[in-house]
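S.K.:
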């Protein structure tokens with residue numbers, strides 16, 4: 006059961022990271038989304054996206070090598 010939960014958490018974290026990247030993409034006019042126009046959000050948003058990617062990869066590697 007632990008193996009399945011590690012895979013689910015890992016895939017879920019990667020999906021959240023990809024969704025955060027897709028959600029932050031500028032529109033065709035080149036304008037950033039409204040929430041990214043604030044200065045402090047521009048500083049923390051990339052770190053949060055990377056955090057989800059690191060958690061996802063770590064959980065998948067943990068599940069892969071624990072078998």
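Residue numbers (the working numbering): 6 to 72. Backbone N, C-alpha and C define an ideal beta-carbon position, used for all residues, glycine too. Keep in mind the model is a prediction, meaning the values are calculated, not measured.
1) Which of the three DSSP states is assigned to residue 10 in this structure?
2) Can the beta-carbon of residue 25 be found less than 7 Å from the beta-carbon of residue 54?
3) Closest Cβ-Cβ distance between residue 32 and chain B: below 7 Å?
4) Got a sec, what are the start and stop residues for the alpha helix (DSSP H) residue 45 sits in?
5) Label residue 68 either buried or exposed according to how many other C-beta atoms from any shown protein chain fall within 10 Å of its C-beta, with 16 as the threshold for buried.
M.R.: In this structure, then:
1) helix
2) yes
3) The structure shown contains no chain B; it is built from a single protein chain.
4) 44-70
5) buried
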